[in-house]
Structure formats: C-alpha cells, structure tokens
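To keep things clear, I will list the structure first and then write my remarks on it.
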Amino acid sequence: EAGVTQSPTHLIKTRGQQATLRCSPISGHTSVYWYQQALGLGLQFLLWYDEGEERNRGNFPPRFSGRQFPNYSSELNVNALELEDSALYLCASEGRLNTGELFFGEGSRLTVL
Amino acid sequence: AQSVTQPDIHITVSEGASLELRCNYSYGATPYLFWYVQSPGQGLQLLLKYFSGDTLVQGIKGFEAEFKRSQSSFNLRKPSVHWSDAAEYFCAVGARGGGADGLTFGKGTHLIIQP
C-alpha cells in the first residue's frame, strides 16, 4: 500500500512568487492535513480538508490556501511568498475511522530567496 | 486549548544505554496520545499510540510509552538505544475524529547517540 506522497520534494522560489505543493493521501483516506515545520518552530497546523471541504485553518494569513480534489488529493498554495515561508511543508492523511492517527508524507522543502 | 510540552530540547545518550523522553500534555477530555520520530529531512513516522485500555503501550523499534493520567504524562522509553535511533522525537495529542486542528505537537526532542 502506497503511503502519503508529496511533490515536489524541493522547491526554490523568490519573494513575491507563488508556490504550489501537492499531496496524495493513502488510498481510502478522506482527510488531509497540512503542517508547516519551520526551523525552531515545531509543527504548526495550517489546513484541514475532509471530503473535499476545508474544515479548519490554523493561524496563518489568507495567502496560504488550498483545496482538496474529488480523489482526495490536495494542493497547498502560498501566494506572495515571504522569506519566512521557507520551511518543510508536511501533508498527513487520516482514515475514515477517524482515530486521530495521522500518516505523514516525506514533506516538501520550500526555500524562498 | 490543548498543548504538549517536551521539556528536553536535546538529550545525549550513550549507545546501549536506556532512554526516557518526557512529554506532558494539557487536554480537556481523554486524550489520544502519539509519539512520532523524524529523521533529518524526512517526514514523521509513528512510533506508538495510546487510545484507551492498557496504559503501557508498545511500539515499533523497541519503544514503549506509559500513559499516566494523574501526571498528564506520556513518556517514551527504550531499554537500550542504537545509533540509528538518533533523530527528532515528537509527542502529540489529539482526539477521535482528528479534531479541528488534527494533532497538537510538542516542539520535539533531539536525540543524540554517543558511541
């Protein structure tokens, strides 16, 4: 069974540009969570999607957005990139049993120059 | 609001020695508790989880953790560490259904293994 897959692995952008990160959950999982892991800040909750709907977002500005597709894959968009957006972005999926257990991908490393 | 505290930012242990990583949580209801491990540049791998029942839970790679409700703790232990255990360890708390924020993570403990 394939795990959570994320792409791209690495992404380099300049300030003001837009970044798009993608995530495919484990087959059968309907919930997708996005976390930001910046140096020294631990994992910060960004967004939660379930059954195609945005269910909750963390304390991040509106330029962080995303969506979930009918096949439950998800996309995270970051507009007007700032230097402090440089981080590892982790996607996690959760199964229909809603056990609270999250399965993580390897992450996408975003560097903003 | 729920929170997780991992009081040790770094821990250094000699290979073969025992290990205990501390985790304290704050949660309004019965929590679901997790320990994850992250190797450099990698995602998070689940080591073990506690939902209910036996308060001593066994995980992968020889790790175990004990849930102590009276102390709001969920400490991770391993009787004998291996050099490959060097990594970042995260304790997390959540609820059935994931909840609005998914899991709340501690800041992590960086484990260094001395030869």
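Order-wise, the sequence lines are chains L and G.
Numbering-wise (this note's numbering), the first sequence opens with residue 195 and increments by one.
Numbering-wise (this note's numbering), the second sequence opens with residue 1199 and increments by one.
Built from N, CA and C at the ideal position, the CB exists for glycine as well.
Here the structure is a predicted model, which means the values were calculated and not measured.
If you reduce the DSSP assignment to three classes, tell me which class Leu277 (chain L) lands in.
Assignment of Leu277 (chain L) by DSSP, reduced to helix, strand and coil, places it in the helix class.
Mind checking if Tyr227 (chain L) is an interface residue toward chain G, Cβ cutoff 8 Å exclusive?
Taking 8 Å as the threshold, the shortest C-beta distance from Tyr227 (chain L) to chain G falls below it.
Just reading off the beta strand (DSSP E) that Asn265 (chain L) is part of, what are its end residues?
Per DSSP, Asn265 (chain L) belongs to no beta strand (DSSP E) and is neither H nor E.
Cβ of Phe297 (chain L) within 8 Å of Cβ of Val198 (chain L)?
Pairing Phe297 (chain L) with Val198 (chain L) gives a Cβ-Cβ distance under 8 Å.
Using a Cβ cut-off of 8 Å (strictly closer), state whether Glu247 (chain L) contacts chain G.
Not flagged as an interface residue toward chain G: Glu247 (chain L), since no C-beta distance is shorter than 8 Å.
Is it buried or exposed for Ser218 (chain L), if we count other Cβ within 10 angstroms and need 16 for buried?
Around the beta-carbon of Ser218 (chain L), 16 or more other beta-carbon atoms lie within 10 Å, marking it buried.
For the stretch 1216-1244 of chain G, which residues have a CB atom closer than 8 Å to at least one CB atom of chain L, in sequence order?
Within the stretch 1216-1244 of chain G, the qualifying residues are Tyr1230, Phe1232, Tyr1234, Gly1239, Gln1240, Gly1241, Leu1242, Gln1243 and Leu1244.
Output yes or no for whether 8 Å exceeds the beta carbon distance between Arg257 (chain L) and Ala274 (chain L).
Inclusion of Arg257 (chain L) and Ala274 (chain L) in the CB contact set at 8 Å is warranted, their separation being smaller than that value.
Pull the bridge partners of Glu288 (chain L) from the DSSP assignment, please.
BP columns for Glu288 (chain L) point to L:Ser225.
Do you know how far the Cα of Leu284 (chain L) is from the Cα of Gly1241 (chain G)?
Looking at the two C-alpha atoms, the distance is approximately 7 Å.
With 8 Å set as the bound, which would you pick, yes or no: does the beta-carbon of Lys1259 (chain G) sit closer than that to a beta-carbon of chain L?
With 8 Å as the cut-off, Lys1259 (chain G) does not count as an interface residue toward chain L.
Can you give the beta carbon distance from Ala1263 (chain G) to Tyr1248 (chain G), rounded, assuming they're within the 8 Å contact cut?
For a cut-off of 8 Å, the C-beta gap from Ala1263 (chain G) to Tyr1248 (chain G) is around 7 Å, short enough to register as a contact.
Does any C-beta atom of chain G lie closer than 8 Å to the C-beta of Gly260 (chain L)?
With its beta carbon at least 8 Å from every one in chain G, Gly260 (chain L) lies outside the interface.
Return yes when the Cβ of Leu237 (chain L) is within less than 8 Å of the Cβ of Trp228 (chain L), no when it is not.
No; because the gap between Cβ atoms is not below 8 Å, this pair is not in contact.
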